[in-house]
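First the structure, in the form of structure tokens, and then the observations on it.
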Amino acid sequence: MKKWREISTFGMPLAYIMGFVCVDSLIRLMAGYDWFSLKAILFSISFSSLLAAIGLLFKGIARPIFYSMTFSLISIIAVGQLIYYRFYQAFFSVNQMTNLMELSTVSGEIFRVLELKYSLFLIPTGFVLLACYWFKSPKKRTRHDQLIIVTLTILSVILSTVTKLTFTQASNEGSRYKDDVYLYETLFDKGKAMSEFGLYQYTLQDIKLAISHQQEKTQVVGQQTSEIDDYFQKLNHTHIDNEMSGIFEGKNVVYIMAESLFSRAIHEQATPTLYKLMNEGIYFENYYSPHYKGTTSDSEFISNTSLVPSVNYGTTCYEFTDNAFPNSIASVFKKAGYSATSYHSNTGEFYNRDAYHESLGYDAFYDQEALGLEFLEEWEYMVNWPSDADLMNAASDIFLEDDRFFSYVITTNGHTPYTTQRTELQENYDYVSSFIQSDDEEIVYYYAAQNAFDQSIEVLMGRLLEAGVLDETVLVIYGDHYPYPIHHDKLWAYDSTNEWDWQELRKVPLMIWTPGIEAQTVSKVMNVFDLVPTMANLFNLDYDYEHAFGIDIFSELESTVIFEDYGWITDHARYNKYSEYYESFDEIGTESYMEEMDVKVIEMFEIGQKVLRDDYFKR
Numbered sequence: 001m002k003k004w005r006e007i008s009t010f011g012m013p014l015a016y017i018m019g020f021v022c023v024d025s026l027i028r029l030m031a032g033y034d035w036f037s038l039k040a041i042l043f044s045i046s047f048s049s050l051l052a053a054i055g056l057l058f059k060g061i062a063r064p065i066f067y068s069m070t071f072s073l074i075s076i077i078a079v080g081q082l083i084y085y086r087f088y089q090a091f092f093s094v095n096q097m098t099n100l101m102e103l104s105t106v107s108g109e110i111f112r113v114l115e116l117k118y119s120l121f122l123i124p125t126g127f128v129l130l131a132c133y134w135f136k137s138p139k140k141r142t143r144h145d146q147l148i149i150v151t152l153t154i155l156s157v158i159l160s161t162v163t164k165l166t167f168t169q170a171s172n173e174g175s176r177y178k179d180d181v182y183l184y185e186t187l188f189d190k191g192k193a194m195s196e197f198g199l200y201q202y203t204l205q206d207i208k209l210a211i212s213h214q215q216e217k218t219q220v221v222g223q224q225t226s227e228i229d230d231y232f233q234k235l236n237h238t239h240i241d242n243e244m245s246g247i248f249e250g251k252n253v254v255y256i257m258a259e260s261l262f263s264r265a266i267h268e269q270a271t272p273t274l275y276k277l278m279n280e281g282i283y284f285e286n287y288y289s290p291h292y293k294g295t296t297s298d299s300e301f302i303s304n305t306s307l308v309p310s311v312n313y314g315t316t317c318y319e320f321t322d323n324a325f326p327n328s329i330a331s332v333f334k335k336a337g338y339s340a341t342s343y344h345s346n347t348g349e350f351y352n353r354d355a356y357h358e359s360l361g362y363d364a365f366y367d368q369e370a371l372g373l374e375f376l377e378e379w380e381y382m383v384n385w386p387s388d389a390d391l392m393n394a395a396s397d398i399f400l401e402d403d404r405f406f407s408y409v410i411t412t413n414g415h416t417p418y419t420t421q422r423t424e425l426q427e428n429y430d431y432v433s434s435f436i437q438s439d440d441e442e443i444v445y446y447y448a449a450q451n452a453f454d455q456s457i458e459v460l461m462g463r464l465l466e467a468g469v470l471d472e473t474v475l476v477i478y479g480d481h482y483p484y485p486i487h488h489d490k491l492w493a494y495d496s497t498n499e500w501d502w503q504e505l506r507k508v509p510l511m512i513w514t515p516g517i518e519a520q521t522v523s524k525v526m527n528v529f530d531l532v533p534t535m536a537n538l539f540n541l542d543y544d545y546e547h548a549f550g551i552d553i554f555s556e557l558e559s560t561v562i563f564e565d566y567g568w569i570t571d572h573a574r575y576n577k578y579s580e581y582y583e584s585f586d587e588i589g590t591e592s593y594m595e596e597m598d599v600k601v602i603e604m605f606e607i608g609q610k611v612l613r614d615d616y617f618k619r
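Here the UniProt record's numbering is used: the first residue of the sequence shown is 1, the next is one more, and so on.
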């Protein structure tokens, strides 16, 4: 037996490679992707073979230590990616390092979502650790070691090269994002990339892209200006007045981004105030908020600028704080003589809002401390969120001092977790549980959270009425994203409408209300990019429509909802990337129309990144 262990030089690296393939297959299986992806398996063998060859350069005890430590690290990364995927339905990218603070908002739930299935990673880990113990590592490098090192290195290079040669490549511009080459070169669809290329190649390519994009960002810019000019000219977003132009001119505005407000959350009993505003005001029933990598921070950026957020680089609110945004909603309201202030009951450092909101044109940003809001028990763990009612009261104390105000309020009560940890929601839970018919506590607590937010709107309206300005104030309320921390299976189990339609999950409420307004429901497809141009039209603001990615939804122009995976929806057709099918809604949605839309999707993302990178509006 001893002699067998001594001559089995190849046993340790072989077990190591097998373990790597197993971990890679497990992460894809648990995320709901095809575990037997040939490209991913070949990339896994290639990557682990190279690492195994490096391990053979070590002698004695150093060799099993290298194998054990690197394999344990990979297993930890795999589990970490799965936990991240559980919350955000996307895999983590190095470009999001600046956004790690976002994880603190769900830190109180991490242990809750750990599932027994994650323990399966202990099997390959234990297998590799046992192999490291069992197979004896020679004190001196042998001839067999040298041969295996060369063999594994050659195998690694051959497998990587051959696998890349099998990549599909589209024959036309509009279909580029459907081929392997574009996916590999951009990793634009993180889930698809993980499914096709596996954990290790995804990670290597992600690091490579992060370095490349950072180098791009630091290079001399400006050479892309003419290309950007041509793009906006081709968009042709020239504005023509319409029947809704200026209907709110001169009125105050409270612009509210509601945390995790989902279309299905509007309920006659659970959210009676929102239900009233929806039915008495202007309600946009086909409003979408695509789930880009920054989730809340990206919705915040788009709804303030009508620009594409950072996709290739770090999170927008950290990486592009010094950029100029003269066309932001705060800036154009200020030009019209309004004060422009923003409010949120988290710290000013979160999402860099202290500096970021100044760049967006706000006169001041008021965080939890500036508003004098109390830190609740367990607040450090992002569990017991401050009351939105207190937020509205504190914000009202400030903006009601101004003659004409544009006030941006970012709420928190709707935030995860939706569990008994939320002691501040106990009364709300007791109330909604009597009519929300669900055996799932998470669903009931979600409605309790939105009930708390609904109460804050009632408080706000009371303060405006008390100050005598309710009739002269417009409320604009929109959801930042659907409640993605609740697993989609639970959402569809509670309401099976549009089950398995991932695009419809991105549909969130948008309502505009002021006393005496004529109620109407707008069915036209729109998205968060259209918010600023639409408001500019309603308030008759001096706004540069031609340099916005969105449109005034009351114009004759067509809005295009472009999702994070490059799928899209218009009033005439859609491309569902998740299900990989096209659907025409009318005679306009022809095959050539769909091809044009595919090209438009790529152009929007590519030009959008150049606008940020080159600080286009600073010129």
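Cβ atoms here follow ideal geometry from the backbone N, Cα and C, with glycine treated the same way.
Y85 burial status per 10 Å Cβ neighbour count (16 or more: buried): Result: buried.
The stretch 502-518 contacting the stretch 270-289, beta-carbon criterion three pairs below 8 Å: In short, these stretches touch, since the Cβ pair count reaches three.
Residues bridged to F539 (per DSSP): In the DSSP output, where bridge partners are listed per residue, F539 has none listed.
Contact under 8 Å by Cβ, T411 with N252: The Cβ-Cβ distance between T411 and N252 does not fall below 8 Å.
Cβ contact (3+ pairs, closer than 8 Å) linking the stretch 560-576 and the stretch 244-262: The stretch 560-576, when compared against the stretch 244-262, does not touch it at the 8 Å Cβ threshold.
Residue interval of the alpha helix (DSSP H) (run including W502): Element bounds for W502: W502 to L505.
Alpha helix (DSSP H) runs wholly inside the stretch 420-503, at least 4 long, in chain order: For the stretch 420-503, whole alpha helix (DSSP H) runs of length 4 or above, ordered along the chain, are 426-432, 441-466 and 488-494.
Buried or exposed by the 16-neighbour rule on C-beta atoms within 10 Å, applied to I266: With 16 or more other Cβ atoms inside 10 Å of its own Cβ, I266 counts as buried.
Close beta carbons around L159, own chain, < 6 Å, minus the five adjacent residues each side: Cβ neighbours of L159 within its own chain (closer than 6 Å, five residues either side excluded): L42, I45 and S46.
Distance CB(T125)-CB(S72) smaller than 8 Å: Yes, the pair counts as a contact, with Cβ atoms nearer than the cut-off.
Through-space distance from I83 to M1, alpha-carbon basis: Summary for M1: the model assigns pLDDT 47, below 50, so the residue's position carries little reliability, and this model does not support an answer.
Exposure label - residue 620; buried when at least 16 CB within 10 Å: Since the first and last residues shown for the chain are 1 and 619, residue 620 lies out of range.
Alpha-carbon spacing of G11 relative to Q81, whole angstroms: Rounded to whole angstroms, G11 to Q81 spans 29 Å at the Cα level.
V253 - partner residues in DSSP beta bridges: Residue pairing of V253 in beta bridges, as defined by DSSP: F406 and V474.
Spatial distance of residue 660 from G589 (CA atoms): The chain is shown from 1 up to 619; residue 660 falls before or after that span and cannot be answered.
Coarse secondary structure for S342, derived from DSSP in three states: In this structure, S342 counts as strand in the three-state DSSP scheme.
Any 3 or more C-beta pairs closer than 8 Å across the stretch 331-349 and the stretch 306-323: No, because fewer than three Cβ pairs between the stretch 331-349 and the stretch 306-323 fall closer than 8 Å, the two stretches do not touch.
Option in I54, Y356, Y202 and N413 with minimal Cα separation from I148: The candidate whose alpha carbon is nearest that of I148 is I54.
6 Å Cβ shell around Y118 - same chain, five flanking residues per side excluded: For Y118, same chain residues with a beta-carbon under 6 Å away, outside a window of 5 residues either side, are V79 in chain order.
Range of the contiguous alpha helix (DSSP H) that encloses I282: I282 -> not in any alpha helix (DSSP H); beta strand (DSSP E) instead, spanning I282 to F284.
Nearest to E558 (by Cα), restricted to the options Y67, K600 and I477: Ranking Y67, K600 and I477 by Cα distance to E558 puts K600 first.
Nearest to Y16 (by Cα), restricted to the options K39, L56, A31 and D34: Comparing Cα positions, the closest option is L56.
From M257, K234 and G462, residue whose alpha carbon lies closest to that of A548: When each option's Cα is compared against that of A548, the closest is K234.
Opposing strand residues paired with V561 [DSSP bridges]: Its beta-bridge partners are I569.
Endpoints, the alpha helix (DSSP H) within which Q520 is located: No alpha helix (DSSP H) contains Q520, which is instead part of the beta strand (DSSP E) from Q520 to V522.
Beta-carbon proximity of A340 to F248, cut-off 8 Å: The criterion of a C-beta distance shorter than 8 Å is not satisfied by A340 and F248.
Y593 in three-state terms, based on DSSP: In this structure, DSSP gives Y593 a helical state, which the three-state scheme calls helix.
M257 beta carbon less than 8 Å from that of S303: Yes, these two residues count as a Cβ contact at 8 Å.
Through-space distance from N540 to M594, alpha-carbon basis: Computed Cα separation, rounded: 34 Å.
Same chain, Cβ closer than 7 Å to F58, neighbours up to 5 away in sequence not counted: Close CB contacts of F58 within its chain, under the 7 Å cut and outside five residues either way in sequence, are with F66 (chain order).
W134, enclosing alpha helix (DSSP H) - first and last residue: That run of the alpha helix (DSSP H) goes L122 to W134.
Inter-residue Cα distance where the pair is D363 and L531: Straight-line measurement puts the Cα of L531 at about 21 Å from the Cα of D363.
Helix, strand or coil at E6 [DSSP, three-state]: Since pLDDT at E6 reaches only 47, below the 50 mark, its modelled position is unreliable, and no value is offered.
Helix, strand or coil at Y581 [DSSP, three-state]: DSSP places Y581 in the strand class (E or B) of the three-state scheme.
Start-to-end residues for the beta strand (DSSP E) that takes in F47: Per DSSP, F47 lies in no beta strand (DSSP E) segment; the continuous alpha helix (DSSP H) that holds it begins and ends at L38 to G55.
Nearest to L464 (by Cα), restricted to the options F453, H415 and S396: Ranked by how close their Cα comes to the Cα of L464, the residues F453, H415 and S396 have S396 in first place.
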